[in-house]
């Protein structure tokens, strides 16, 4: 196990989650195809309860958020509460006080593991949107380990409880991303993790087994996201400049996005829209691209065919995005999220940007189509995020559409409201802790919006809990 190496980039030295030298060394061992035996914590196999019925993940106002099982796919949902009719304004004292009082620090636990080169931080975390019949469950990835935790109600000790731990057999592995899935046929939860070796491990949090290993990237994988209407379809993006789609019940890659008009450097982030009709990708080449994956596309056909028992003999390649822009950022774009027809993106430039392709009245892809790539953009707000000029710091949007939150190098969590029109330029609230003084690599918010988890460079997990009673008193 090795800590992330430093790599020179266009904006100066940045701490990198994927090391070129590490990767070249590990490529020789990439041919290993055996299924690993993963170490577990020895707890009960039923650490994550399977719901009696396929779970429905809801976003604010009863609107679906992400990763619904395929048969639970809802009709198109109403737009978020962002209004573009007025310019962003500084947050009022009432809004700032409300956000500051919304969450209280609960606990911190360390995953610190000494290695020959020092200590490696935690790069990824994700809540399960499917374990809705118990306390919030989340996972973290660091070095060659994947850990699963539970968040008991506030006031419970411990406030973060380890349920299971997986260890990859390769010491050269360093996981950067994880994502939860749900198989509606077997009614079981699954957990995917990927990183430096370019392999995607599909794990069972019930049994502690690695049920499948997906091969294809051949280069480090930086992000994993799950299809919002089909909870066994996984999208991955990495150093080979491509986005790949998988059915985790099968071995074959279903489709690949990239090539002629694809990214020219490694992909750092990607996201589905709420219907699964589009994927947005962000890269070290400073660009953000939007790909069509909805009905009538070869990608949708490949996904549909993957649910049949017939063998998959071809992997369609999509070389042309619907929209592409290099006008928003001057450096690596390390996080991107779709928010209705808008897009939030972040680079190592001390800011988040809210924008969209085309004009305000256009759809998500602007006026891009099969014959013309949309390159025009409309920038709505540039949101200041101080002390964030390193890459691989990823933000999160509240599943209930109330706020967006991002960490930074100073160990601060900055929060902007989303339910008051356009978000303000400056964050409305900042969550801190006296012992948190290093980079926050990623933030995750529970499906119910009651827990915020932040993972850091010093391999520590911090939890903030929502003050429901205090919020009710403030509204009175």
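In the numbering used here, the protein residues as written are -8 to 467.
Ideal Cβ placement from N, Cα and C applies to all residues, glycine included.
Please read all numbers here as calculations on a predicted model, not as lab measurements.
Our contact map puts residue 343 next to residue 376 with C-beta atoms below 8 Å; I'd like the distance itself, whole angstroms only.
Translated into positions along the chain shown, residue 343 becomes position 352. Translated into positions along the chain shown, residue 376 becomes position 385. Correct: roughly 6 Å between the Cβ atoms.
Just the Cα atoms here: how many angstroms apart are residue 419 and residue 374?
Start at 1 with the first residue of the chain shown, and residue 419 comes out as number 428. Start at 1 with the first residue of the chain shown, and residue 374 comes out as number 383. Cα to Cα, the separation comes out at about 11 Å.
Which residues mark the beginning and the end of the beta strand (DSSP E) in which residue 289 is found?
Residue 289 sits at position 298 when you count from the first residue of the chain shown. That residue, residue 289, is in no beta strand (DSSP E); its alpha helix (DSSP H) goes 289 to 297.
Residue interval of the beta strand (DSSP E) (run including residue 405):
Position 414 of the chain shown holds residue 405. Element bounds for residue 405: 404 to 408.
In terms of residues, what are the limits of the beta strand (DSSP E) holding residue 179?
What you label residue 179 is simply residue 188 of the chain shown in a count that begins at 1. Unbroken beta strand (DSSP E) run through residue 179: 179 to 186.
Per DSSP, which residues does residue 165 bridge with? Please list them.
As a working mapping, residue 165 is identified with position 174 in the chain shown. None; residue 165 has no bridge partner.
Could you check the C-alpha separation between residue 498 and residue 303 for me, to the nearest Å?
This structure cannot settle anything about residue 498, because the visible part of the chain is limited to -8 through 467.
Alpha carbon of residue 310 to alpha carbon of residue 365, nearest angstrom
What you label residue 310 is simply residue 319 of the chain shown in a count that begins at 1. What you label residue 365 is simply residue 374 of the chain shown in a count that begins at 1. Taking the straight line joining both Cα atoms gives about 15 Å.
Which residues mark the beginning and the end of the beta strand (DSSP E) in which residue 434 is found?
Here residue 434 corresponds to residue number 443 of the chain shown, with the count starting at 1. Unbroken beta strand (DSSP E) run through residue 434: 431 to 436.
Would DSSP call residue 482 helix, strand or coil?
No answer is possible for residue 482: the residues shown for the chain start at -8 and end at 467.
Residue ranges of each beta strand (DSSP E) run of no fewer than 3 residues wholly in the stretch 87 to 163, ordered along the chain?
The stretch 87 to 163 contains these whole beta strand (DSSP E) runs: 94 to 101, 115 to 118, 128 to 133, 136 to 141 and 152 to 158.
Below 8 Å on the Cβ atoms is my guess for residue 170 versus residue 225; work out the distance and round it to an integer in Å.
The residue labelled residue 170 in the question sits at position 179 within the chain shown. The residue labelled residue 225 in the question sits at position 234 within the chain shown. Sure, about 7 Å apart at Cβ, within 8 Å.
Does the Cβ of residue 213 have 16 or more other Cβ atoms within 10 Å, making it buried, or fewer, making it exposed?
Here residue 213 corresponds to residue number 222 of the chain shown, with the count starting at 1. Its Cβ being crowded by 16 or more others within 10 Å, residue 213 is buried.
For residue 313, collect the residues of the same chain with a Cβ closer than 6 Å to its Cβ; drop the 5 residues on either side in sequence, then sort them by chain order.
The sequence position of residue 313 within the chain shown is 322, counting from 1. Only 281, 283, 356 and 359 meet the Cβ criterion.
Continuous beta strand (DSSP E) stretch holding residue 314: start and end:
Taking the chain shown and counting its residues from 1, one reaches residue 314 at position 323. Run containing residue 314: 314 to 316, per the beta strand (DSSP E) assignment.
Check this for me: beta carbons of residue 189 and residue 208, under 8 Å apart or not?
Position 198 of the chain shown, counting from 1, holds the residue named residue 189. Position 217 of the chain shown, counting from 1, holds the residue named residue 208. Cβ distance < 8 Å, so residue 189 and residue 208 count as in contact.
Cβ-Cβ separation, residue 334 to residue 279 (assumed contact under 8 Å), whole Å
Position 288 of the chain shown, counted from the first residue, corresponds to residue 279. Position 343 of the chain shown, counted from the first residue, corresponds to residue 334. 7 Å between Cβ atoms; contact.
Considering residue 303, what are the terminal residues of the beta strand (DSSP E) in which it resides?
If you number the chain shown from 1, residue 303 lands on position 312. Unbroken run through residue 303: none, as it is neither H nor E.
Compare the beta carbon distance of residue 263 and residue 199 with 8 Å and say whether it is the shorter of the two.
By 1-based counting over the chain shown, the position of residue 263 is 272. By 1-based counting over the chain shown, the position of residue 199 is 208. Cβ distance not < 8 Å, so residue 263 and residue 199 don't count as in contact.
Paired residues, beta bridge with residue 453 - DSSP
If you number the chain shown from 1, residue 453 lands on position 462. Answer is 99 and 445.
Assigned exposure category for residue 251 - 16 Cβ within 10 Å defines buried:
Walking along the chain shown from the start, residue 251 turns up at place 260. Result: exposed.
Are the CB atoms of residue 385 and residue 325 nearer to each other than 8 Å?
The count along the chain shown starts at 1 and reaches residue 385 at position 394. The count along the chain shown starts at 1 and reaches residue 325 at position 334. The answer is yes: Cβ separation under 8 Å.
Which residues does DSSP pair with residue 216 in a beta bridge?
One-based indexing of the chain shown puts residue 216 at position 225. DSSP lists 226 as partners of residue 216.
Residue 149 to residue 388, Cα distance in whole Å?
Position 158 of the chain shown, counted from the start, is the residue given in the question as residue 149. Position 397 of the chain shown, counted from the start, is the residue given in the question as residue 388. Residue 149 and residue 388: Cα-Cα distance of roughly 26 Å.
Using three-state DSSP, classify residue 238 as helix, strand or coil.
Along the chain shown, one-based indexing puts residue 238 at 247. If DSSP states are grouped into helix, strand and coil, residue 238 belongs with the strands.
Limits of the unbroken beta strand (DSSP E) element including residue 198
Numbered from 1 along the chain shown, position 207 holds the residue referred to as residue 198. Per DSSP, residue 198 belongs to no beta strand (DSSP E) and is neither H nor E.
Where the beta strand (DSSP E) through residue 283 begins and ends
Residue mapping note: residue 283 aligns to position 292 of the chain shown, counting from 1. Start and end: 279 to 283.
Along the chain, where does the beta strand (DSSP E) containing residue 261 start, and where does it finish?
By one-based count along the chain shown, residue 261 stands at place 270. DSSP places residue 261 in the uninterrupted beta strand (DSSP E) bounded by 258 to 263.
What is the rounded straight-line gap between the Cα of residue 134 and the Cα of residue 363?
On the chain shown, position 143 is the one that residue 134 refers to. On the chain shown, position 372 is the one that residue 363 refers to. Roughly 43 Å between the two C-alpha positions.
When burial is assigned at 16 or more other CB atoms within 10 Å of the CB, is residue 332 buried or exposed?
Here residue 332 is taken as the residue at index 341 of the chain shown, counted from 1. Buried is the call here.
Nearest to residue 205 by CA position, among 174, 242, 354 and 130, is which residue?
By one-based count along the chain shown, residue 205 stands at place 214. Of 174, 242, 354 and 130, the residue nearest in Cα terms is 242.
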